[in-house]
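Below: the structure, in structure tokens.
There are 2 protein chains.
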Amino acid sequence: MSLLVTGSIGIDTVSSPHGHAEGVLGGSAVYFSFAASQYAPVRLVGVVGDDFPDEFRAVLETREIDLAGLEVRKGSQTFRWTGKFEGDMSEAETVGVSLNVLAEAGPKVPASFADSEYVFLANTHPSLQRELLAQLTSPKLVVCDTMNLWIENERDSLLQTLKLVHGVIINDAEARQLTGRMNLIEVGETILEFGPQFVIIKKGEHGAMLVTSDGPVTLPAFPTKTVCDPTGAGDSFAGGVLGYLASQGEHDSAALRRALVRGTVAASFTIEDFSLRRVQGLDRSEIDRRVDKFVNMLQFS
Amino acid sequence: MSLLVTGSIGIDTVSSPHGHAEGVLGGSAVYFSFAASQYAPVRLVGVVGDDFPDEFRAVLETREIDLAGLEVRKGSQTFRWTGKFEGDMSEAETVGVSLNVLAEAGPKVPASFADSEYVFLANTHPSLQRELLAQLTSPKLVVCDTMNLWIENERDSLLQTLKLVHGVIINDAEARQLTGRMNLIEVGETILEFGPQFVIIKKGEHGAMLVTSDGPVTLPAFPTKTVCDPTGAGDSFAGGVLGYLASQGEHDSAALRRALVRGTVAASFTIEDFSLRRVQGLDRSEIDRRVDKFVNMLQFS
Chain B
1 MSLLVTGSIG
11 IDTVSSPHGH
21 AEGVLGGSAV
31 YFSFAASQYA
41 PVRLVGVVGD
51 DFPDEFRAVL
61 ETREIDLAGL
71 EVRKGSQTFR
81 WTGKFEGDMS
91 EAETVGVSLN
101 VLAEAGPKVP
111 ASFADSEYVF
121 LANTHPSLQR
131 ELLAQLTSPK
141 LVVCDTMNLW
151 IENERDSLLQ
161 TLKLVHGVII
171 NDAEARQLTG
181 RMNLIEVGET
191 ILEFGPQFVI
201 IKKGEHGAML
211 VTSDGPVTLP
221 AFPTKTVCDP
231 TGAGDSFAGG
241 VLGYLASQGE
251 HDSAALRRAL
261 VRGTVAASFT
271 IEDFSLRRVQ
281 GLDRSEIDRR
291 VDKFVNMLQF
301 S
Chain X
1001 MSLLVTGSIG
1011 IDTVSSPHGH
1021 AEGVLGGSAV
1031 YFSFAASQYA
1041 PVRLVGVVGD
1051 DFPDEFRAVL
1061 ETREIDLAGL
1071 EVRKGSQTFR
1081 WTGKFEGDMS
1091 EAETVGVSLN
1101 VLAEAGPKVP
1111 ASFADSEYVF
1121 LANTHPSLQR
1131 ELLAQLTSPK
1141 LVVCDTMNLW
1151 IENERDSLLQ
1161 TLKLVHGVII
1171 NDAEARQLTG
1181 RMNLIEVGET
1191 ILEFGPQFVI
1201 IKKGEHGAML
1211 VTSDGPVTLP
1221 AFPTKTVCDP
1231 TGAGDSFAGG
1241 VLGYLASQGE
1251 HDSAALRRAL
1261 VRGTVAASFT
1271 IEDFSLRRVQ
1281 GLDRSEIDRR
1291 VDKFVNMLQF
1301 S
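The listed protein sequences derive, respectively, from chains B and X.
The first sequence begins at 1 in the numbering used here and counts up one residue at a time.
The second sequence begins at 1001 in the numbering used here and counts up one residue at a time.
In structure tokens form, the structure reads like this:
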């Protein structure tokens, strides 16, 4: 099944206790695409400035990522983010952000992508999420993410978007903020009342929880000593989930459960090095081995 | 196999967003015993004052808990703890504590308990833990807990105790404090270097991690909307683990994995009401149903 992602493409500078990476490829759509393209070809929709380095484009071209929707806007500057991780590295501290081209008009979905069936709307203004969705003719599964900024300042618009999507993948703090609830099952159930059929709440190093009308499913993160840079973990998780679902052509409860494992494993590779360094050369067999290891770890009968 | 626990028996006063419980039965050895006695008879060693209410003793007598090691010390006062939980209830705030009889000489292991094979040394001064252990003639599996107070002030003594035990069940913050490490796998591996063959790190609502020389195993908490009072969750967890292991008469990696599930489920019941209210009337079939549900939830293949 065809899979489309819209989201940010950026130039990141990241510090962690394990080092520093200056001016590296990042952005939600990029992390998503690397994870998802392990399972299904990805159609990327996003916009960069004419300062976007050729070598970053070349990195994207190494994978089955269709760049027909990657607009290079003349005279604009690419989105830039500088962040650092400290202590237990559970949260990024944003040191600086330049929205640049992301503060201008959104990208367009090219005609060749209009028939996309599986869709991930990464975090951006909820009205832009709807605008992008409206350009698609036959979406079968639409999943979105969002962030504190829109929950605080664009709540009505966000609720409109939530009415249109089948699923939400969102982090725990933001899900709590959105619902005003503390218990994550109640948080998930409240989000279901807004429209979606499923909610996946990301808990970082503590794993994830899926909430559907069938009840909650929780799973831990893949245990690892190698945590170099958590940037992009959440978007890699979403990429693993959506890529897997698109490859299966279904999204019932059983498929969602299997997809959670793929999301978890995708995130576990991303955090092992800065930027896309770990996942760039990753092959599917290595992923599948980790999936098996994780599934076996959770086999308690 | 015979199972012995030593730890506190107390009178608690607890507030949470779900209510208030005044002067109720509590203490690590009590929570442990209720959880463990679902799987194996428990021998309790502890000391209370002569103010210890008869009705609390009667509650303990409803279960297969041998009270031959429960000393009622004349002229002494029972341990009392007052705490409250707020917000996400992840941590208890101690409002007041009166050590009372716990600040006096420790209890003795009665002769009839000296042959105990499975042993849990709940949190107390590490030298008292060793003193109690020295009274046992044939321990096969000894597991201990500890707390920040001893990690800070009695580190050498604690390290001596750790050399004598087979396993440690400890919460994440204290395990990090003990080792000076942040990553929980590294934390567990460091504790293994102190002597034990396994470490179980409790992460509260985020579940638990087992670390052995076979590597880490993580599992989430049982997802529940009913979180009334987390007091005793950790000791109930330990009780489920040790009770199950004693019932199996083995503690290899496979048994430990199954035991983790029993510990998780034991804790999930305890937190559903104040004090022992939820677990007092609990029967084993209800526990087994939740164990099955949890195991199935974690079946991702």
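Positions of the beta carbon are idealized from the N, C-alpha and C atoms, including for glycine.
Predicted model only: the values in this text are computed from it and were never measured.
Nearest neighbour of residue i, chosen from the options [CA to CA]
i, options, result
"X/N1123", "X/E1117, X/D1115 and X/L1132", "X/L1132"
"B/K293", "X/E1154, X/V1217, X/Q1129 and X/L1192", "X/V1217"
"B/E91", "B/S157, B/G215 and B/N171", "B/N171"
"X/Y1118", "X/S1033, X/E1193, X/M1089 and X/T1094", "X/S1033"
"X/A1035", "X/Q1299, X/D1288 and X/N1296", "X/D1288"
"B/L178", "B/G167, B/K163 and B/L158", "B/L158"
"X/V1143", "X/A1058, X/G1240 and X/A1111", "X/G1240"
"B/L136", "B/T6, B/E174, B/A21 and B/N183", "B/T6"
"X/D1214", "B/F237, B/M297 and B/G215", "B/M297"
"X/S1028", "X/H1018, X/E1022 and X/I1011", "X/I1011"
"B/Q129", "B/T146, B/F79 and B/S37", "B/T146"
"X/L1102", "X/S1076, X/G1096, X/K1203 and X/G1087", "X/S1076"
"X/I1061", "X/D1051, X/P1041, X/K1074 and X/E1272", "Sequence inspection shows Glu at residue 1061 of chain X; the Ile mentioned does not correspond to that position. Closest by alpha carbon: X/P1041."
"B/R284", "B/F274, B/R277, B/R262 and B/S116", "B/R262"
"B/M182", "X/G1087, X/F1300 and X/D1252", "X/G1087"
"X/F1194", "X/F1052, X/A1259, X/L1164 and X/A1255", "X/L1164"
"B/E272", "B/L242, B/E205 and B/S247", "B/E205"
"X/G1207", "X/A1221, X/L1070 and X/I1200", "X/A1221"
"B/S2", "B/V291, B/L260, B/Q299 and B/Y244", "B/Y244"
"B/F120", "B/E22, B/I201, B/Q197 and B/D235", "B/D235"
"B/L304", "B/F300, B/S275 and B/Q197", "The requested residue 304 of chain B does not occur in the structure, where chain B is confined to residues 1 to 301."
"B/T51", "B/K74, B/L67, B/Q38 and B/E64", "One point to set straight first is that residue 51 of chain B is Asp, not Thr, in the sequence displayed. Among B/K74, B/L67, B/Q38 and B/E64, the Cα nearest to that of B/D51 belongs to B/K74."
"X/V1211", "X/L1184, X/K1203 and X/F1237", "X/L1184"
"X/Q1038", "X/F1237, X/I1169 and X/F1300", "X/F1237"
"X/L1067", "X/A1021, X/A1111, X/T1094 and X/L1099", "X/A1111"
"B/Q160", "B/F274, B/S127, B/G19 and B/H251", "B/S127"
"B/G180", "B/R155, B/G23, B/V291 and B/D54", "B/R155"
"B/R257", "B/A114, B/S275, B/P139 and B/V291", "B/V291"
"X/V1030", "X/F1300, X/V1295, X/Q1299 and X/R1277", "X/R1277"
DSSP three-state assignment for residue i, whether helix, strand or coil
i, result
"B/I9", "coil"
"B/A208", "strand"
"B/L141", "strand"
"B/N183", "coil"
"B/V168", "strand"
"X/Q1135", "coil"
"X/S1275", "coil"
"B/D156", "helix"
"X/D1283", "coil"
"X/T1146", "coil"
Strand pairing of residue i, partner residues [DSSP]
i, result
"X/S1301", "Partner(s): none; X/S1301 has no beta bridge."
"X/H1020", "X/S1015"
"X/L1004", "X/R1043 and X/V1119"
7 Å Cβ cutoff, residue i in contact with chain D
i, result
"X/V1241", "Protein chains in the displayed structure are B and X, and chain D is not among them."
Proximity test, residue i beta-carbon vs the ligand GTP heavy atom, cut-off 6 Å
i, result
"B/F194", "This structure does not include the ligand GTP; it has no bound ligands of any sort."
At which residue ranges does the segment 59-132 of chain B contain complete alpha helix (DSSP H) runs of 4 or more residues, listed in the order of the chain? none
Quick check: the segment 1219-1230 of chain X against the segment 1252-1270 of chain X, are at least 3 beta-carbon pairs closer than 8 Å? yes
Below 8 Å, how does it come out for the segment 1183-1192 of chain X and the segment 1219-1226 of chain X: are there three or more Cβ pairs, yes or no? no
With three or more beta-carbon pairs closer than 8 Å as the criterion, would you say the segment 1099-1116 of chain X touches the segment 1041-1050 of chain X? The way I'd put it, the segment 1099-1116 of chain X does touch the segment 1041-1050 of chain X; three or more beta-carbon pairs between them come closer than 8 Å.
Let me know the beta strand (DSSP E) ranges lying completely inside the segment 187-263 of chain B, each 3 residues or longer, listed in chain order. 198-202, 208-212 and 215-219
Which complete alpha helix (DSSP H) runs does the segment 24-61 of chain B hold, if anything under 4 residues is left out? Qualifying alpha helix (DSSP H) stretches, in chain order: 28-36 and 54-61.
Just checking, does the segment 76-95 of chain B make contact with the segment 8-23 of chain B on the three C-beta pairs under 8 Å criterion? yes
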